[in-house]
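To convert, count from 1 in the sequence shown and add 90; that's my numbering.
The beta-carbon is built from N, C-alpha and C at its ideal position, and this holds for glycine as well.
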Amino acid sequence: MTPRSARPAGPAGLIRLAQALAFAALAGFALWTRVWNIWAEPMWLDEAYSAYAAGKGWAFLWQVVPRYETHPPFYYSLLRLWTLIVGDGLVAHRLLGVAAGMATLPVLGIAAARLARIAGARPAPVALATVAIAAVSPVLIWMTREVRPYALMILVYAGACLALIVIADRRARGLKLAGRAFALWLACGALMLWLHNLGPLYAAAMGIGLLCAIDVRTMARRDWAWFVAGHALAIALWLPALFILLDQAPEWVRATWLKFSTADLPRRATYMFTGPRDDFRIAAAILAACGGGLLWRAGRRGLLAGLLVMALLPVAISLIVSATVAPVFIIRTMTALAMPAMLLMGLGIGWGAASWRRLLPLAALAWLVVAQGQFDVRFRDHVRRDWYRTMAWLKPRFRPGDVVFAYPNEGALPFDRAARDMRLAMPSRPIPAAIPALYPPPGSWYVSGSRGVPSLDRAHLRAIAREPATRAVPTIWLLRLGPWAYDKGDVFLEELSNGRIETGRFKDGAIDIVGLRRSGSSPARAGGDSQDAR
């Protein structure tokens, strides 16, 4: 008799092996795209804010951050804990997002398999398709590489989708609402509320989505008690973050840097689901329509409605608020919405009992995965703000005694990070003070909606330019981020230029550096030079 271990694998065994290899290949590609060159991509402004807050200590995080940030300090606290364990270098900071991004794949796969069983489709192919879509998604890759809360929000929202599917399945089988899935649901809701100031939009979509997914007509009094008490507990835990948001919201409404525009709005409002190209959108729409049709045909219309609400309601509300109250719609803050959408896309390949009916969703899946994979490879070296290039330009021109004046003060955050990464001794002076400048001089105003970043009037800028410490600097390198907003009319540049000669200029997007050498001092370089990196 042939031993069991020596028997040749049957067709089912070969299929399982092929599926396991496919999952491994997707995980490998996903990891490669998410860690490619992360050690060579400098932090941009928002990432530098994260690293700055996380590096300042627990007291700063919970006593100072709420006074100038609209976001709760929870993510910064997680980042601080992570860096205390892993390290505080550039790669260490980015690895938290990478870990969350990679953990999202198995959570989505499990949710997709459960959704397939509910819809009457084969779980393994649907899970494989969903993981493939997530693995190559340019939007998820982008968010995973950011030192921002978005990768964690995506992971938590994927967990919420899994909990929703399990709860809907349990309720359809007559089981009670309370259980591990409901506990996971509440935990995900609380985390979404604490991870970002737009968490209430996600939480609202979750609550309405759950009511859609479960048949409220069959809920007993005990189920309603669990539903109300559980959500009330999550809201109670969120109240400190709500007070932070209410305190900061008036300043944001009055002076936010964000501008809302309806230009190309349909593409921007769907970017988080597919990425930048219209062929991505078409393929994704075909898959999602097939997945939705499969749930509809299976009689699970409540669950379909719940997933659609979780995918579409937050972006709809954010657009309405942006158009009527204050701009809040930013693509990256909405990227977690891709989770329920991708579950519907992956389910789409189960459409059609006959093989010919599957051709359209299979073709759409093949196009989406291959085209997005090619896009990922082609644009893998894209850098959002190349501060290393800025430092490379400044390094041969910077002399002992020189100082970088950062105006607005937040410009010092990514500059100092880049200088640290490149081991360069280039001291900076934030104007008027380091983040957060909570008590600026009279006559100052806030441009960006943050109480930590003021603009100063001419009188105070002139006073800074005429300080003995300022006059003693051989060459001032004036670093301005968005001078059209913070230094309208080049007021600070004009005041600093008195008694100084321009010795160089660098511009790359919002990064604007002007070298001002004191008259009579030795030039950093023979003649002036300039570079525009646009």
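Count the other CB atoms within 10 Å of the CB of residue i; is the residue buried (16 or more) or exposed (fewer)?
| i | result |
| --- | --- |
| Ser609 | exposed |
| Leu104 | exposed |
| Met567 | The sequence given here places Trp at residue 567; Met does not occur at that position. Burial call: buried. |
| Gln464 | exposed |
| Gly100 | exposed |
| Met91 | Here Met91 scores only 43 on pLDDT, less than 50, and its place in the model is too uncertain to base an answer on. |
| Ser545 | buried |
| Ala108 | exposed |
| Glu557 | exposed |
| Asp337 | exposed |
| Gly438 | buried |
| Pro93 | With a pLDDT of only 49 at Pro93, under the threshold of 50, the placement of this residue in the model should not be trusted; the figure read from the coordinates follows. That one is exposed. |
| Asp368 | exposed |
| Gln462 | buried |
| Trp386 | exposed |
| Leu174 | exposed |
| Asn127 | exposed |
Measuring straight from C-alpha to C-alpha, what distance separates residue i and residue j?
| i | j | result |
| --- | --- | --- |
| Gly599 | Arg475 | 8 Å |
| Leu452 | Phe113 | 17 Å |
| Tyr67 | Ala413 | Lying before the first or after the last residue shown, residue 67 is absent from the chain, which here runs from 91 to 624. |
| Pro330 | Leu449 | 52 Å |
| Ala120 | Ala130 | 19 Å |
| Pro162 | Phe488 | 38 Å |
| Trp457 | Thr364 | 12 Å |
| Arg552 | Thr346 | 26 Å |
| Arg595 | Gly533 | 29 Å |
| Leu434 | Gly491 | 60 Å |
| Asp511 | Arg263 | 56 Å |
| Leu455 | Ala214 | 15 Å |
| Tyr536 | Asp259 | 50 Å |
| Val460 | Ala294 | 35 Å |
| Gly579 | Ile304 | 59 Å |
| Val197 | Glu500 | 37 Å |
| Trp342 | Lys266 | 43 Å |
| Gly605 | Ser518 | 13 Å |
| Ser587 | Leu283 | 47 Å |
| Gly436 | Leu384 | 11 Å |
| Pro356 | Pro156 | 34 Å |
| Thr220 | Met481 | 41 Å |
| Met192 | Ala117 | 8 Å |
Does DSSP put residue i in a helix, in a strand, or in coil?
| i | result |
| --- | --- |
| Ser95 | In this prediction, Ser95 scores a pLDDT of 47, lower than 50, which makes its location untrustworthy; the coordinate-derived value is nonetheless stated afterwards. In the structure shown, Ser95 sits in a helix (DSSP, three-state: H, G or I). |
| Glu585 | helix |
| Arg87 | Because residue 87 is not part of the residues shown, which for the chain are 91 to 624, the question remains open. |
| Trp441 | coil |
| Ala616 | The predicted model places Ala616 with a pLDDT of 41, which falls under 50 and marks its position as unreliable; any figure quoted below should be read in that light. Correct three-state label for Ala616: coil. |
| Val418 | coil |
| Val626 | Given that the chain is displayed from residue 91 to residue 624, the structure contains no residue 626 and the question cannot be resolved. |
| Arg90 | Examination of residue 90 is not possible in this model, given that the chain is present from 91 through 624 alone. |
| Arg556 | coil |
| Asp580 | helix |
| Leu116 | helix |
| Gly594 | strand |
| Ile566 | strand |
| Ile304 | coil |
| Asp476 | coil |
| Leu77 | The requested residue 77 is not part of the displayed model; the chain covers only 91 to 624. |
Sort the options by Cα distance to residue i and report the nearest one.
| i | options | result |
| --- | --- | --- |
| Val229 | Met362, Val411 and Ser538 | Met362 |
| Ala509 | Ala527, Leu484, Gly491 and Gln462 | Leu484 |
| Gly297 | Gly396, Pro101, Trp152 and Ile407 | Gly396 |
| Ala144 | Trp126, Leu169 and Val155 | Leu169 |
| Gly187 | Gln109, Met243, Val221 and Ala324 | Met243 |
| Val405 | Gly289, Leu301 and Gly392 | Gly289 |
| Ala206 | Asp178, Trp441 and Lys266 | Trp441 |
| Ala217 | Val226, Ala225 and Ile200 | Ile200 |
| Ser351 | Ile128, Ile601 and Ser408 | Ser408 |
| Arg447 | Cys380, Gly605 and Val581 | Cys380 |
| Leu348 | Ala401, Ala322 and Val415 | Val415 |
| Val563 | Ser538, Arg590, Gly572 and Ala575 | Arg590 |
| Val256 | Ala209, Thr593 and Trp314 | Ala209 |
Subject >> Every unbroken alpha helix (DSSP H) within the stretch 481-549, with a cutoff of 4 residues, ordered by chain >> reply: 502-511
**OP:** Pick out the complete alpha helix (DSSP H) segments inside the stretch 203-269, 4 residues or longer, and give them in chain order.
**Re:** 213-226, 228-234 and 240-262
Subject >> Runs of alpha helix (DSSP H) lying entirely within the stretch 140-183, each at least 4 residues, in chain order >> reply: 164-176
**OP:** Could you pull out every unbroken alpha helix (DSSP H) segment of at least 4 residues lying fully inside the stretch 341-419, listed in chain order?
**Re:** 355-364, 368-387 and 391-414
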